[in-house]
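Input: a single structure, listed below in structure tokens.
Number of protein chains: 2
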Amino acid sequence: MTTTRPWTLAERSARMNPSVIREILKLTESQSIISLAGGLPAADLFPVEAMREATARVLHDAPREAMQYAASEGYAPLREWIAAELASHGMAVDAAHVLVTTGSQQGLDLVGKVLADPGSTVAVESPTYLGALQAFTPYEPRFLSLECDDEGVLPEALAASKARFAYLLPNFQNPSGHLMSEGRRVAVIEAAQRAGVPLVEDNPYGDLWFDAPPPPPLAARWPEGVLYLGSFSKTLVPGLRLGFMAAPAPLYGKLLQAKQAADLHTPIFNQRVVYEVIKDGFLKEHVPAVRARYAQQRDAMKLALERHLPPGCHYVVPKGGMFFWLTLPAGIDAMALLPEAVRRGVAYVPGSAFFAEAPTAPTLPAVAAPQGGAAGFGAARHPAQANTLRLSFVTVDAARIERGVALIGALLRETLEAQKKA
Amino acid sequence: MTTTRPWTLAERSARMNPSVIREILKLTESQSIISLAGGLPAADLFPVEAMREATARVLHDAPREAMQYAASEGYAPLREWIAAELASHGMAVDAAHVLVTTGSQQGLDLVGKVLADPGSTVAVESPTYLGALQAFTPYEPRFLSLECDDEGVLPEALAASKARFAYLLPNFQNPSGHLMSEGRRVAVIEAAQRAGVPLVEDNPYGDLWFDAPPPPPLAARWPEGVLYLGSFSKTLVPGLRLGFMAAPAPLYGKLLQAKQAADLHTPIFNQRVVYEVIKDGFLKEHVPAVRARYAQQRDAMKLALERHLPPGCHYVVPKGGMFFWLTLPAGIDAMALLPEAVRRGVAYVPGSAFFAEAPTAPTLPAVAAPQGGAAGFGAARHPAQANTLRLSFVTVDAARIERGVALIGALLRETLEAQKKA
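In structure tokens, the structure reads:
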């Protein structure tokens with residue numbers, strides 16, 4: 001318990017530490033370096049004109065309704081739209097069980113609040129989304145990292161977890177970029193049902209496929225056992241903070257009450273504007289344009305990696321999403337190399353940030369040290385994760401991707417040479 | 001622990017129950033009755049034209065920045081504006097310690113997350129804001145109701161509380177309408193400092209004064225011991241969900257991390273739009289218009305109450321804000337009378353909803369029973385609170401206020417007559 005008179009902090013706050021990634025991003029923003037570290041979508045693809053028209057329409061047609069307090073559940077027509085959209089992916093969802101959230105990050109917070117007891121086991125992929133670890137951490141669960149391969153989580157690991165719930169990102173996972181195969185989905189659901197482990201399925205990237213749409217969501221295969229989280233951040237814009245969840249009926253009431261307690265409701269203006277943008281099929285034209293751009297830059301990064309990486313690096317070419325995930329030769333510590341990479345003009349995110357047991361801030365100049373010490377969330381890095389890193393290919397153009405990857409490749413080659421000599 | 005296979009809910013979720021007020025509001029919205037139950041600001045005063053201009057300007061000047069991910073702390077110029085505004089009220093706040101929140105309801109959630117341990121004592125006024133009870137409840141504190149009089153909380157009650165923190169609304173409190181006097185503020189701060197009880201000061205209504213501005217905030221008198229919450233919901237519009245907190249330095253980092261975990265950041269579009277609306281002094285003209293309207297309707301309700309209430313009712317005429325708080329003759333149960341009041345065409349909020357020990361849903365037809373049973377938050381009403389109710393004067397015009405209060409007055413007279421006969 002931390003006391004700074006007259007204040008005493010809750011014990012859970014000792015586990016809440018700054019995001020490693022946000023600290024890295026702050027550093028890279030202040031310098032003219034090639035940042036492959038970001039997790040931001042490409043802003044030049046934002047549909048500015050459609051947003052202009054939609055805001056004007058909302059402020060003309062229903063200005064007062066759009067600025068007044070509103071229902072905690074969300075804007076009814078938007079919830080209907082979401083239910084229909086999910087139905088097109090094979091999910092039988094009643095709009096009454098759709099909850100609009102202030103970004104899907106809030107969905108994660110509500111999941112933690114309603115489902116995680118202190119000491120209860122929350123199973124996560126290895127690696128997993130850092131934001132989910134941050135959202136769940138204040139509720140003090142015990143994180144259990146499930147072994148994964150290039151097709152996703154191993155069903156036997158899930159079955160053995162005895163977890164309160166397992167948190168999975170089957171589509172173009174952040175950070176690994178992995179796509180859970182059809183066969184793996186079947187096996188994962190079977191294992192989860194057998195073991196009685198319910199699933200929280202997070203799907204921010206599913207629409208950003210390059211070659212073929214991903215298989216149907218896990219929630220389509222086990223409606224009562226899968227809580228589904230979605231987002232408009234990657235298909236439209238993130239700055240309006242609009243996400244949603246589709247919850248099994250027995251959970252909906254409590255999630256709604258948690259939502260009400262958290263911020264009363266998601267800004268109704270934002271909900272109405274996004275609904276105006278998307279209601280007549282806008283995303284059917286817009287999302288393919290995003291896909292095309294990201295696919296092109298994925299190709300550029302693939303080429304650059306083939307050209308510049310030293311032997312011994314492993315990666316799977318992502319079939320969608322925003323990220324390449326690199327496993328470097330054993331003995332290379334991506335966190336330790338980052339300051340030199342930044343000095344040379346390129347940034348990435350060290351992979352250790354994405355493991356439940358891992359996150360510590362790198363010892364970069366001008367990056368604040370994590371507050372609260374080494375308790376829980378900030379514990380020592382697992383050495384086996386040190387040789388991984390994440391590269392984003394969406395906000396940097398092909399030429400800069402080539403240059404950035406070349407810089408990383410040269411640094412890795414030099415490091416390997418120096419290791420050989422030592 | 002509730003289990004609905006395969007799901008197991010967190011123990012804290014048993015305490016999270018539907019808002020009594022929201023359930024009442026749902027009922028009243030579906031019928032053509034005079035609702036004095038609402039807590040909504042008057043929508044016809046929303047500055048639609050200013051909002052139109054501001055959104056157009058934001059979407060012209062910085063469309064991509066307004067739609068991209070943004071800093072968890074909030075939009076820097078808005079934070080500067082807030083710091084300057086608070087300075088004009090006597091608070092010496094660095095913009096670096098201002099955190100923009102998704103409505104001040106989120107501020108309450110973050111306060112609970114960072115400060116309240118299970119079983120720790122959180123002291124609240126009696127009555128207090130229901131939304132704060134809802135926000136704090138998931139963190140499982142023990143609520144301690146502090147005795148209050150018409151000038152606010154009693155300093156000796158605060159001093160004796162030994163609370164982790166005390167949550168106070170000094171200006172035109174929701175629901176009581178009370179204004180904490182200058183002398184009481186001095187005494188409260190003295191008592192809090194002496195007892196080492198820090199304060200969370202919530203000030204959504206402070207700008208809505210009718211006769212004279214309220215005394216300086218508690219935070220101006222004890223900067224390191226008071227965490228201050230503010231909101232644009234009552235001075236501008238609530239539907240954009242824009243609030244803020246000014247936190248003592250040792251708390252800021254943890255609150256920021258809790259904010260990041262909760263929803264990454266408050267919609268940057270909303271922050272930029274509101275900043276565009278207010279940056280050149282708009283509120284200096286707009287808020288007086290809100291004040292004038294609300295003052296006029298306060299007067300209408302005062303007149304109606306004088307005319308229609310039976311003897312034995314107590315109320316203080318509010319000097320600002322949105323609410324009258326009525327104490328009825330002993331033996332009258334406002335919750336029990338509500339169904340008949342609604343049948344006759346008028347709605348109010350029974351006062352028992354606003355006591356920490358109290359909230360239960362009324363047994364109205366078509367109102368869902370609270371889920372989760374009587375645990376914690378849903379415990380039995382304190383009988384001493386049964387004879388209180390809250391009336392809002394802001395969304396109903398003078399003629400309907402007169403009619404609504406007349407209906408309530410008649411019902412109370414009949415009830416008292418019946419009691420005498422029995």
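Read top to bottom, the protein sequences are chains A and B.
Note that the first sequence covers residues 1 to 422 in full-length UniProt numbering.
Note that the second sequence covers residues 1 to 422 in full-length UniProt numbering.
Every residue gets a Cβ at the ideal spot worked out from N, C-alpha and C, and that includes glycine.
Practice prompt. Specify whether the region 215-232 of chain A and the region 240-255 of chain A touch according to this definition: at least 3 beta carbon pairs, one from each stretch, less than 8 Å apart.
Written response: Short answer: they touch.
Worksheet item: Rounded to whole angstroms, how far is the Cβ of B:A70 from the Cβ of B:I268, which I believe are closer than 8 Å?
Response: Yes, they are in contact, since the Cβ atoms of B:A70 and B:I268 sit about 4 Å apart, within 8 Å.
Worksheet item: Are the beta-carbon atoms belonging to B:D207 and B:V100 less than 8 Å from one another?
Response: No, the Cβ-Cβ distance between B:D207 and B:V100 is not below 8 Å.
Discussion item. For A:S231, would you say it is in contact with chain B, using Cβ-to-Cβ distances shorter than 8 Å as the test?
Written reply: Not flagged as an interface residue toward chain B: A:S231, since no C-beta distance is shorter than 8 Å.
Worksheet item: Out of curiosity, what's the CA-to-CA distance linking B:L255 and A:A399?
Response: If I take the Cα positions, the gap works out to 40 Å.
Fill in: Candidates A:D61, A:G320, A:V200 and A:R5, of which the one nearest A:P215 by Cα
Closest in alpha carbon position to A:P215, among A:D61, A:G320, A:V200 and A:R5, is A:G320.
Item to complete: Could you check what DSSP says for B:P175 in three-state terms: helix, strand or coil?
Response: Coil.
Worksheet item: Near A:A219, which residues of its chain fall below 6 Å by C-beta distance, leaving aside the five closest residues on each side in sequence?
Response: Cβ neighbours of A:A219 beyond the five flanking positions: M91, E201, V226 and Y228.
Fill in: Straight-line gap, B:P63 to A:V48 (C-alpha atoms, nearest Å)
Straight across, the Cα-Cα distance linking B:P63 with A:V48 is about 6 Å.
Item to complete: Measure the alpha-carbon distance for B:T395 versus B:L36 and round it to whole angstroms.
Response: Spanning the two alpha carbons is a distance of roughly 8 Å.
Discussion item. Does the CB of B:M16 have a neighbour CB from chain A at under 8 Å?
Written reply: For B:M16, a Cβ of chain A is located within less than 8 Å of the residue's own Cβ.
Item to complete: Identify each residue in the region 74-105 of chain A for which the Cβ-Cβ distance to at least one residue of chain B is less than 7 Å, and report them in chain order.
Response: So the close ones are T102, G103 and Q105.
Worksheet item: Under a three-way DSSP split, which group does A:R413 fall into?
Response: A:R413 falls in the helix class under three-state DSSP.
Item to complete: Go ahead and label A:P141 buried or exposed: buried means 16 or more other beta carbons lie within 10 angstroms of its beta carbon, across all protein chains shown.
Response: When all chains shown are included, A:P141 counts as buried.
Discussion item. Contact criterion: CB-CB distance below 8 Å. Does A:G351 meet it with respect to chain B?
Written reply: It does not; no Cβ of chain B falls within 8 Å.
Discussion item. Under 8 Å, Cβ to Cβ, is there at least one residue of chain A near B:T128?
Written reply: No, B:T128 lies away from the interface with chain A (no Cβ there is under 8 Å from its Cβ).
Worksheet item: Helix, strand or coil for A:D397 per DSSP?
Response: Of the three classes helix, strand and coil, the one that applies to A:D397 here is coil, per DSSP.
Item to complete: Would you kindly check if the distance between the Cβ of A:L86 and the Cβ of A:A195 is under 8 Å?
Response: Going by C-beta atoms, A:A195 is not nearer than 8 Å to A:L86.
Worksheet entry | Residue interval of the beta strand (DSSP E) (run including A:T101) | A:T101: member of the beta strand (DSSP E) spanning V98 to T101, first to last residue.
Practice prompt. Determine the closest residue to A:A336 out of A:K162, A:Q419 and A:A386, with distance taken between C-alpha atoms.
Written response: The shortest Cα separation from A:A336 among A:K162, A:Q419 and A:A386 belongs to A:A386.
Worksheet item: Quick one: what does DSSP say A:A369 is sitting in, helix, strand or coil?
Response: A caution first: A:A369 carries a pLDDT of 32, below 50, which makes its placement in the model unreliable, though a value can still be read off. A:A369 falls in the coil class under three-state DSSP.
Worksheet item: Is A:S392 helix, strand or coil when you go by DSSP?
Response: Note: A:S392 maps to strand in three-state DSSP.
Worksheet item: Say the cut is 7 Å; is the CB of A:G112 nearer than that to a heavy atom of the ligand SAH?
Response: The ligand SAH is absent from the structure shown, which contains no ligands of any kind.
Worksheet item: Can the beta-carbon of B:S145 be found closer than 8 Å to that of B:S176?
Response: In terms of Cβ geometry, B:S145 and B:S176 do not form a close pair [threshold 8 Å].
Discussion item. 8 Å is my cut-off, CB to CB: does A:P217 come that close to chain B?
Written reply: So no, A:P217 is outside the interface.
Discussion item. Looking at A:P198: is its Cβ nearer than 8 Å to the Cβ of A:F165?
Written reply: Between A:P198 and A:F165, the C-beta gap is smaller than 8 Å, which places the two residues in contact.
Worksheet item: Which stretch, first to last residue, makes up the beta strand (DSSP E) that contains B:G142?
Response: It is Arg, not Gly, that sits at residue 142 of chain B in the sequence shown. B:R142 -> beta strand (DSSP E) spans R142 to L146.
Practice prompt. Give a yes or no on whether the minimum CB-CB distance between A:D44 and chain B is below 8 Å.
Written response: So, interface residue.
Worksheet item: When you compare only the Cα positions, how much space is there between A:R15 and A:Y139?
Response: So the alpha carbons of these two residues sit roughly 10 Å apart.
Worksheet item: Which same chain residues, not among the five before or five after A:A295, have their C-beta less than 7 Å away from its C-beta?
Response: The residues F210, in chain order, have a CB closer than 7 Å to that of A:A295 in the same chain once the five nearest residues on each side in sequence are set aside.
Worksheet item: A:T137 touches chain B at which residues, Cβ-Cβ below 8 Å?
Response: Result: A261.
Discussion item. Relative to the C-alpha of A:V273, which candidate in A:P41, A:V349, A:I34 and A:H60 has its C-alpha closest?
Written reply: Closest option to A:V273, judged by alpha-carbon separation, among A:P41, A:V349, A:I34 and A:H60: A:H60.
Fill in: Within-8 Å CB hit, A:P339 to chain B
No - not a single Cβ of chain B is within 8 Å of the one on A:P339.
Item to complete: Return the CA-CA distance between B:G281 and B:A56, expressed in angstroms with no decimal places.
Response: Straight through space, the alpha carbons of B:A56 and B:G281 are spaced by roughly 19 Å.
Discussion item. Taking the beta carbon of B:G404 as the centre, do at least 16 other beta carbons fall within 10 Å, making it buried, or is it exposed?
Written reply: Burial is judged here by how many other beta carbons sit within 10 angstroms of a residue's own beta carbon; B:G404 has at least 16 and is buried.
Practice prompt. Could you tell me which of A:G331, A:L283 and A:S72 sits nearest to A:K420, measuring between CA atoms?
Written response: Scanning A:G331, A:L283 and A:S72 for the CA closest to the CA of A:K420 turns up A:G331.
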